[in-house]
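K.L.:
Mind having a look at this structure? Questions to follow.
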Amino acid sequence: MTKPTFAYLLLKEHPYGREMLRQILSKGFIPTIIITEDSAIGDEEREKFLKRIEGKEIAPTIEKQLAELEMQGVDVPHISVPIHNSEHVMPHIENLDLDLIVFGGTRIIRGEILDHPKDGVINSHPGLLPDCRGSASPAWSVYHDIPIGSSTHFCDNGIDTGELLL
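Residue 133 in the numbering used here sits at position 126 of the sequence shown; the count goes up by one each step and never skips.
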């Protein structure tokens, strides 16, 4: 079976996105392109996350992971945009024959990005869907006595409402 071609989107140097990329690469899946959102909101989200996991080891930076691939002769373009929901993303992917887009910890993304890849857009969500949607899912799980877990789903224009994969 052929491995899918995919774009990987994440917030700039967010630990969640870095770890997810490390895991994806460790299974032999290599993105066609990586698109990082470099924004004040992304910085704020990254800093909140870093504070929560302070003192814990995190995955290497995106640049370090890409440098390791480059040493193996694999060049993955890494693009930075001010926001994923913008006219800045489509020019980088519209001519790519992508099977998927994989979200590695992004803000809510809507619009034509979701319609571009042949097989859809996949998100990994830190809560058990459909009961625990949104960015504060672990806290809501505790508050509402819902088991803590994660879900992987296809994305649509709703918030964490697409078809569940896991």
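Note that CB positions come from ideal geometry on N, CA and C, so glycine has one too. All of these numbers come straight from a predicted model, not from anything done at the bench.
Does I65 come out as helix, strand or coil in the three-state DSSP assignment?
P.N.:
Translated into positions along the sequence shown, residue 65 becomes position 58. Looking at I65 - three-state DSSP - the assignment turns out to be coil, as it is neither helix nor strand.
K.L.:
Beta carbon of L171, beta carbon of S157: below 8 Å?
P.N.:
Within the sequence shown, residue 171 is the residue found at index 164, counting from 1. Within the sequence shown, residue 157 is the residue found at index 150, counting from 1. Not a contact, by the Cβ cut-off of 8 Å.
K.L.:
Within its chain, find whatever has a CB closer than 6 Å to the CB of I116; leave out the 5 residues flanking it on each side and keep chain order.
P.N.:
Counted from its first residue, the sequence shown places residue 116 at position 109. Around I116: H91 and N92.
K.L.:
Could you give the residue range of the beta strand (DSSP E) that holds H21?
P.N.:
By one-based count along the sequence shown, residue 21 stands at place 14. Run containing H21: none; DSSP gives neither H nor E here.
K.L.:
Whole-angstrom Cβ separation of H132 and S148, contact assumed at under 8 Å?
P.N.:
Residue mapping note: residue 132 aligns to position 125 of the sequence shown, counting from 1. Residue mapping note: residue 148 aligns to position 141 of the sequence shown, counting from 1. Incorrect: roughly 12 Å between the Cβ atoms, too far for contact.
K.L.:
Between Y150 and C162, what straight-line distance do the alpha-carbon atoms span, to the nearest angstrom?
P.N.:
Your numbering for residue 150 matches position 143 in the sequence shown. Your numbering for residue 162 matches position 155 in the sequence shown. One C-alpha to the other measures close to 26 Å.
K.L.:
Are the stretch 13–23 and the stretch 107–124 touching by the rule of at least three beta carbon pairs closer than 8 Å?
P.N.:
In short, these stretches touch, since the Cβ pair count reaches three.
K.L.:
Buried or exposed for L173, please, with buried defined as at least 16 other CB atoms from any protein chain shown within 10 angstroms of its CB.
P.N.:
As a first step, residue 173 is located in the sequence shown; it is residue number 166 there, counting from the start. The residue in question, L173, is exposed, as its Cβ has fewer than 16 Cβ neighbours within 10 Å.
K.L.:
With distance defined between alpha-carbon atoms, name the residue in P137, P154 and D152 nearest to H160.
P.N.:
One-based indexing of the sequence shown puts residue 160 at position 153. Taking only the C-alpha atoms, the option nearest H160 is P137.
K.L.:
Roughly how many angstroms separate the alpha carbons of G80 and L73, rounded to a whole number?
P.N.:
Reading the sequence shown from its first residue, position 73 is the one you call residue 80. Reading the sequence shown from its first residue, position 66 is the one you call residue 73. Taking the straight line joining both Cα atoms gives about 10 Å.
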